[in-house]
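Q:
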Amino acid sequence: MDPREVDSSQDIRDGWDEWSYSERLEALEQLANSTLDSYAYDTDVDVDTGDTGDVPGYYDDGLITLDPAMIEDPDPSSAIHVTNHETVHAMNEEDGIDDYSYSLKDDDDFDFTEDDLRSMEAHKEVGDTARELDNDGFSPVGGGGGGGVGGGAAAAESASDPDAPKPDDFEFDIDWGQGVWIDSTDESGQMSVDILFAAPEGW
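Each residue of the sequence shown is one higher than the one before, counting from 466 in the numbering used here.
(1) Would you kindly report the start and end of the unbroken alpha helix (DSSP H) that includes ASP479?
(2) Here's the rule I'm using: 16 or more other beta-carbon atoms within 10 Å means buried, otherwise exposed. How should GLN495 be labelled?
(3) Under 8 Å Cβ to Cβ from GLY522, same chain only, skipping five residues before and after it: list those, please.
(4) Can you tell which of SER473, LEU501 and ASP482 has its C-alpha closest to the C-alpha of GLU676?
(5) Within a Cβ cutoff of 8 Å, which residues of the same chain sit near PRO468, ignoring the five residues on either side of it in sequence?
(6) Quick check on DSSP: helix, strand or coil for ILE562?
(7) Measure the C-alpha to C-alpha separation of TYR506 and HIS554 and round it to an integer number of angstroms.
(8) Report all residues from its chain with a CB closer than 6 Å to the CB of GLY515; omit the five preceding and five following residues, and keep chain order.
(9) Does DSSP put GLY527 in a helix, a strand or coil?
(10) Mind checking which residues open and close the beta strand (DSSP E) that includes ASP513?
(11) Can you tell me whether DSSP reads GLY518 as helix, strand or coil?
(12) With 16 other CB atoms within 10 Å as the buried threshold, where does PRO539 fall?
(13) Between which two residues does the alpha helix (DSSP H) harbouring ASP532 extend?
(14) In three-state DSSP terms, what is TYR506?
(15) Grab the span of the alpha helix (DSSP H) containing ASP593 for me, first residue to last.
(16) For a quick check, are the C-beta atoms of ASN498 and ASP509 less than 7 Å apart?
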């Protein structure tokens, strides 16, 4: 496959073994810009390798810099994920969303401001969106320039199968006297559990 024709993460997986180092970089750059174009972002990015310090990659002013070891790796999973992650940072920059990752090492007193907490949450959402991009499984919710992206595999399934259940097709009654147990598992297998004994505000 020609690296210049890449438009999905799966294309990267399919072509990785046959590409040279420079072709892999070209393919990842094409992936990033294809994603940005798909969601109507004006931003264009370059993808290169360099010294990334303690992180596998970073985005700065139109440039995604990746750790060279990821390009040399016969498994493209890390290169795909980091490229997608940094592409979402590029989206957020265009949208004016602050999504830096707040470092505990810089604040021994754990003195978080509301802006810090919002930024941490935005950075978490960057990771969540990148994981969906890794699987080519999400739909836009408004496009670029302020809308951002989201949806996930469920949205893709609904789009491909008109008979698939949609979120608003479900109805349920909650007996708050008995409490509610909510659990969820992410792709890494980590589970989170919430136990509620009263309706949260707004329910």
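We put the CB at the ideal spot given by N, CA and C, even for glycine.
A: With the structure as the only source:
(1) Within the sequence shown, residue 479 is the residue found at index 14, counting from 1. Counting along the chain, the alpha helix (DSSP H) containing ASP479 begins and ends at 474-480.
(2) Residue numbering aside, residue 495 sits at position 30 when the sequence shown is read from its first letter. The residue is buried, with at least 16 neighbouring Cβ atoms inside 10 Å.
(3) Here residue 522 corresponds to residue number 57 of the sequence shown, with the count starting at 1. Answer for GLY522: ILE529, THR530, LEU531, ASP532, MET535, VAL547, THR548, HIS550 and GLU551, listed in chain order.
(4) There is simply no residue 676 to check, as the chain begins at 466 and stops at 668 in what is shown.
(5) To locate residue 468, count along the sequence shown from 1; it is residue 3. Once the five neighbours on either side are set aside, the close Cβ partners of PRO468 are GLY480, TRP484, GLU488, ARG489, GLU491, ALA492 and GLN495.
(6) Here residue 562 corresponds to residue number 97 of the sequence shown, with the count starting at 1. Note: ILE562 maps to coil in three-state DSSP.
(7) The count along the sequence shown starts at 1 and reaches residue 506 at position 41. The count along the sequence shown starts at 1 and reaches residue 554 at position 89. The alpha-carbon atoms of TYR506 and HIS554 are separated by roughly 12 Å.
(8) On the sequence shown, residue 515 is found 50 positions in, with the first residue counted as 1. Around GLY515: THR530.
(9) Within the sequence shown, numbered from 1, the residue matching residue 527 stands at position 62. Three-state DSSP puts GLY527 in coil, outside helix and strand.
(10) Sequence index remark: in the sequence shown, residue 513 carries index 48 (1-based). Note, ASP513: beta strand (DSSP E), 511-514.
(11) Within the sequence shown, the letter at position 53 stands for residue 518. If DSSP states are grouped into helix, strand and coil, GLY518 belongs with coil.
(12) The residue you call residue 539 lines up with position 74 of the sequence shown. Exposed, because fewer than 16 other Cβ atoms sit within 10 Å of the Cβ of PRO539.
(13) Mapped onto the sequence shown, residue 532 falls at position 67. Per DSSP, ASP532 belongs to no alpha helix (DSSP H) and is neither H nor E.
(14) By 1-based counting over the sequence shown, the position of residue 506 is 41. Per DSSP, reduced to three states, the secondary structure at TYR506 is coil, with no helix or strand assignment.
(15) Your numbering for residue 593 matches position 128 in the sequence shown. Taken as a continuous stretch (DSSP letters only), the alpha helix (DSSP H) holding ASP593 covers 579-599.
(16) As a first step, residue 498 must be located in the sequence shown, where it is residue number 33. As a first step, residue 509 must be located in the sequence shown, where it is residue number 44. Result yes, Cβ atoms of ASN498 and ASP509 sit closer than 7 Å.
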